[in-house]
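Colleague:
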Amino acid sequence: MKKLIQDMSLSAISAGFIAVLVGFASAVAIVFQAAQAAGASHEMIVSWVWALGIGMGAGCLGLSWYYRRPIIIVWSTPGAALLATSLAGVNIEQAIGIFLFVAVLTLITGISGWFDTLTKRIPLPLASAMLAGILLQFGLSIFESFAIAPMLVGVMLLSYFISKRLIPRFCILLVLITGTTYAWLTGMFDLTAIEITTATPVWVSPTFDLSLLIGVGLPLFIVTMTSQNLPGMAVLKSSGYAQQPISPIITTSGALNLILAPFGGFSFNLAAITAAICTSDEAHSDPAKRYIAGVSAGVFNIIAGLGATVVVSLFAAFPAALIATLAGLALLGTIGASLFSSVHDPQYRDAAIVTFLVTASGVSLFDVSSAFWGLIIGMLTLLFSAKRQPMPNANQQ
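First residue of the sequence shown: 79, per my numbering; consecutive thereafter.
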């Protein structure tokens, strides 16, 4: 505890807060859609947010503190999108059965250790290219938002450039303060819409349908592993935490999923996008002290879970352009570092570019995200472009 207090910094705490803010505000609406597709009541939707907040908070806080690294656990946003389109006609009890099925598969994957074995065989340039492809859309969203709210985004950009030059450690925090202040002064942020009531978890007993476990549960498991845990591994690897074992994190995610599934915790996994915020230089110049960002993200997630009703209305009150710009600016450094790492070595350059382009394209085949296909096609490109070793001639034998 003494070391924790010594390592605390405002920049790391604000990075954790921004990671939670971006995570909730950018994807909580998809969670609502998934819950509504399963016929969840308002109380159950609040329970889903409660379960997700508590699970993410416990995962971030416990793992970051234990490993002294910024390990960010989140819900699967692609998984939520899959559920939103796949749970129509499915009752809430069957949906909970699907969540428990995915939790068991995740536990088996973590305990078996096969995920660690797989990730050790992925070259860093390709992992970085995949990460850059995932994050590209967030960088572009800054300028897409500029067309929607030019003054708001312009003020935030100006704040970013000035603070990046003068006080880079607090750059993103100042951008958040600037954007929120402008939105409030111009009436874009309505505090009166916030609903202040406590969240109450709702237990739902599961039922199991084999066709749903195969048709929805397996795709949810695959999507979570390929589009969340693989990029999450890439973030840690490209941020200087290459020696971090992944299997214990997968096991912890599965355990949290198993405990909280009856309350609506449909999946937990390594973060990629929000993790990049906590592993960047903006969180702390010393990589050994960035774990504070993970710990603070855990605390803020738990607070968000306990106040799920308040959080839902609060994040709905933020302008979409503010959230998109904040996320994009927070990730600029990571995008640049990932691009540099991916093309720096000529041996991997062609394969990395292919990985980047396929991932950035957003193409999805068989309900599996472009991040997975980008990595697969990049590995194939690397395999076929590898230089053949010259055969020794007879005189050399």
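Think of the CB as a built atom: it goes at the ideal place given N, C-alpha and C, for glycine as much as any other residue.
It should be emphasised that the depicted structure is a prediction, and the values quoted were computed from it without experimental measurement.
Whole angstroms are fine: how far does the CA of ALA277 sit from the CA of LEU214?
Modeller: Reading the sequence shown from its first residue, position 136 is the one you call residue 214. Reading the sequence shown from its first residue, position 199 is the one you call residue 277. Whole-angstrom Cα-Cα distance: 36 Å.
Colleague: Among the residues of its own chain, which have a CB less than 7 Å from the CB of SER419, if the five just before and after it don't count?
Modeller: Residue numbering aside, residue 419 sits at position 341 when the sequence shown is read from its first letter. Correct list, in chain order: LEU202, PRO203, SER206 and SER316.
Colleague: Output the distance between the C-alpha atoms of GLY385 and PHE462, rounded to the nearest integer angstrom.
Modeller: Working through the sequence shown from its first residue, we reach residue 385 at position 307. Working through the sequence shown from its first residue, we reach residue 462 at position 384. Each residue's alpha carbon lies about 53 Å from the other.
Colleague: Can you give me the Cβ contacts of PHE286 inside the same chain, cut-off strictly under 6 Å, excluding the 5 residues immediately before and after it?
Modeller: Walking along the sequence shown from the start, residue 286 turns up at place 208. Closer than 6 Å at the Cβ level, and outside the excluded window around PHE286, lie GLY175.
Colleague: Out of curiosity, what's the CA-to-CA distance linking THR187 and PHE224?
Modeller: One-based indexing of the sequence shown puts residue 187 at position 109. One-based indexing of the sequence shown puts residue 224 at position 146. About 43 Å.
Colleague: For LEU82, count neighbouring Cβ atoms within 10 angstroms of its own Cβ and tell me buried if that reaches 16, exposed if not.
Modeller: Here residue 82 refers to the residue found at position 4 of the sequence shown. Classification for LEU82: exposed.
Colleague: Per the contact definition of three or more C-beta pairs closer than 8 Å, is the segment 229-244 in contact with the segment 422-442?
Modeller: Too few Cβ pairs lie closer than 8 Å, so no.
Colleague: With burial defined as no fewer than 16 other Cβ atoms inside 10 Å of the residue's Cβ, what is the status of VAL106: buried or exposed?
Modeller: Along the sequence shown, read from residue 1 onward, the residue named residue 106 stands at position 28. VAL106 is buried by the Cβ-count criterion.
Colleague: State the CB to CB distance for the pair ALA405 and PHE177, rounded to an integer number of angstroms; the pair is presumed to be in contact (CB under 8 Å).
Modeller: Locating residue 405 in the sequence shown gives position 327, counting from the first residue. Locating residue 177 in the sequence shown gives position 99, counting from the first residue. Not confirmed; about 27 Å, so no contact.
Colleague: Hey, which unbroken runs of the alpha helix (DSSP H) at 4 residues or more fall wholly within the segment 124-175?
Modeller: Segments of the alpha helix (DSSP H) lying fully in the segment 124-175: 155-164.
Colleague: Leaving out the 5 sequence neighbours to the left and right, which residues in its chain are closer than 6 Å to VAL294 when beta-carbon positions are compared?
Modeller: Taking the sequence shown and counting its residues from 1, one reaches residue 294 at position 216. For VAL294, where only same-chain residues beyond five positions count, the Cβ hits under 6 Å are SER164 and ILE176.
Colleague: Ordered along the chain, which non-local residues of its own chain (more than five positions away) have a Cβ less than 7 Å from that of GLN172?
Modeller: In the sequence shown, residue 172 corresponds to position 94, counting from 1. These residues qualify, in order along the chain: THR285, ASP287 and LEU290.
Colleague: With DSSP collapsed to three states, give me the class of GLN84.
Modeller: Counting from one through the sequence shown, the residue named residue 84 turns up at place 6. The answer is helix: DSSP assigns GLN84 an H, G or I state.
Colleague: Locate the alpha helix (DSSP H) running through TRP451, then write down its first and last residues.
Modeller: Counting from one through the sequence shown, the residue named residue 451 turns up at place 373. Segment 448-463, the alpha helix (DSSP H) holding TRP451.
Colleague: Can you name the start and end residues of the alpha helix (DSSP H) that SER223 belongs to?
Modeller: Position 145 of the sequence shown, counted from the first residue, corresponds to residue 223. Here the alpha helix (DSSP H) through SER223 covers 202-226.
Colleague: With distance defined between alpha-carbon atoms, name the residue in ALA118, VAL280 and SER345 nearest to ALA181.
Modeller: Along the sequence shown, read from residue 1 onward, the residue named residue 181 stands at position 103. Among ALA118, VAL280 and SER345, the Cα nearest to that of ALA181 belongs to SER345.
Colleague: Given a cut-off of 7 Å on the beta-carbon distance, is the pair PHE193 and SER358 in contact?
Modeller: The residue labelled residue 193 in the question sits at position 115 within the sequence shown. The residue labelled residue 358 in the question sits at position 280 within the sequence shown. Not closer than 7 Å, so no.
Colleague: Which same chain residues end up closer than 7 Å to ASP85 when comparing Cβ atoms and leaving out the 5 residues on each side of it in sequence?
Modeller: Within the sequence shown, the letter at position 7 stands for residue 85. Excluding positions up to five away in sequence, the list reads LYS367 and ILE370.
Colleague: Please classify MET79 as buried or exposed, where buried requires at least 16 other C-beta atoms within 10 Å of its C-beta.
Modeller: Along the sequence shown, read from residue 1 onward, the residue named residue 79 stands at position 1. Per the 10 Å Cβ criterion, exposed.
Colleague: Quick check on GLN321: buried or exposed, where buried means 16 or more other Cβ atoms within 10 Å of its Cβ?
Modeller: Position 243 of the sequence shown, counted from the start, is the residue given in the question as residue 321. With fewer than 16 Cβ atoms within 10 Å of its Cβ, GLN321 is classed as exposed.
Colleague: Checking the sheet assignment: what are the DSSP bridge partners for ASN379?
Modeller: The residue given as residue 379 occupies position 301 in the sequence shown. Looking at the DSSP assignment, ASN379 forms no beta bridge with any residue, so it has no partner.
Colleague: Kindly indicate the opening and closing residues of the alpha helix (DSSP H) around LYS315.
Modeller: Translated into positions along the sequence shown, residue 315 becomes position 237. From DSSP, the alpha helix (DSSP H) with LYS315 extends over 308-316.
Colleague: Could you say which of MET208, VAL168, LEU407 and THR264 lies nearest to PRO246 if we only look at CA atoms?
Modeller: The count along the sequence shown starts at 1 and reaches residue 246 at position 168. Comparing Cα positions, the closest option is LEU407.
Colleague: Where DSSP assigns a beta bridge to ASN335, which residues make up the other side?
Modeller: Stepping through the sequence shown from its first residue, residue 335 is reached at position 257. Per DSSP, none; premise fails for ASN335.
Colleague: Answer with buried or exposed for ILE328, where buried requires no fewer than 16 other C-beta atoms within 10 angstroms of its C-beta.
Modeller: The residue you call residue 328 lines up with position 250 of the sequence shown. So ILE328 ends up on the buried side.
Colleague: Between the beta-carbon of MET303 and the beta-carbon of GLY452, is there less than 7 Å?
Modeller: In the sequence shown, the residue the question calls residue 303 occupies position 225. In the sequence shown, the residue the question calls residue 452 occupies position 374. Cβ atoms of MET303 and GLY452: not closer than 7 Å.
Colleague: Buried or exposed: where does HIS362 fall if 16 or more other Cβ atoms within 10 Å of its Cβ makes it buried?
Modeller: Stepping through the sequence shown from its first residue, residue 362 is reached at position 284. That one is buried.
Colleague: Would you mind sorting PRO410 into buried or exposed? The rule is 16 or more other CB atoms within 10 Å of its CB.
Modeller: In the sequence shown, counting from the first residue as 1, residue 410 sits at position 332. Correcting the residue type first, residue 410 is Leu in the shown sequence and not Pro. Classification of LEU410: buried, given that the 10 Å Cβ count is 16 or more.
Colleague: Let's see if you can read the secondary structure: which residues bound the alpha helix (DSSP H) around ALA261?
Modeller: Position 183 of the sequence shown, counted from the start, is the residue given in the question as residue 261. Per DSSP, ALA261 belongs to the alpha helix (DSSP H) from 249-263.
Colleague: Under 7 Å between the Cβ atoms of SER125 and PRO279?
Modeller: Counted from its first residue, the sequence shown places residue 125 at position 47. Counted from its first residue, the sequence shown places residue 279 at position 201. Yes, the Cβ-Cβ distance between SER125 and PRO279 is below 7 Å.
Colleague: Suppose the cutoff is 6 Å on Cβ atoms and the five residues either side in sequence are ignored; what does the same chain contact list for MET134 look like?
Modeller: Residue 134 sits at position 56 when you count from the first residue of the sequence shown. For MET134, where only same-chain residues beyond five positions count, the Cβ hits under 6 Å are ILE151, VAL152 and ASN379.
Colleague: Classify PHE239 as buried or exposed, calling it buried when 16 or more other Cβ atoms lie within 10 Å of its own Cβ.
Modeller: Position 161 of the sequence shown holds residue 239. Under this definition PHE239 is an exposed residue.
Colleague: Using a 10 Å radius around the Cβ and a threshold of 16 neighbouring Cβ atoms, would you call TYR426 buried or exposed?
Modeller: Residue 426 sits at position 348 when you count from the first residue of the sequence shown. The residue in question, TYR426, is buried, as its Cβ has 16 or more Cβ neighbours within 10 Å.
Colleague: Near ASN307, what residues of its chain come up, given a Cβ to Cβ distance below 6 Å and the 5 sequence neighbours on each side ignored?
Modeller: The residue given as residue 307 occupies position 229 in the sequence shown. The residues are ASN347 and LEU348.
Colleague: So who's on the other strand from LEU407, going by DSSP bridges?
Modeller: As a first step, residue 407 must be located in the sequence shown, where it is residue number 329. LEU407 is not bridged to any residue.
Colleague: Considering VAL432, what are the terminal residues of the alpha helix (DSSP H) in which it resides?
Modeller: By one-based count along the sequence shown, residue 432 stands at place 354. That run of the alpha helix (DSSP H) goes 427-439.
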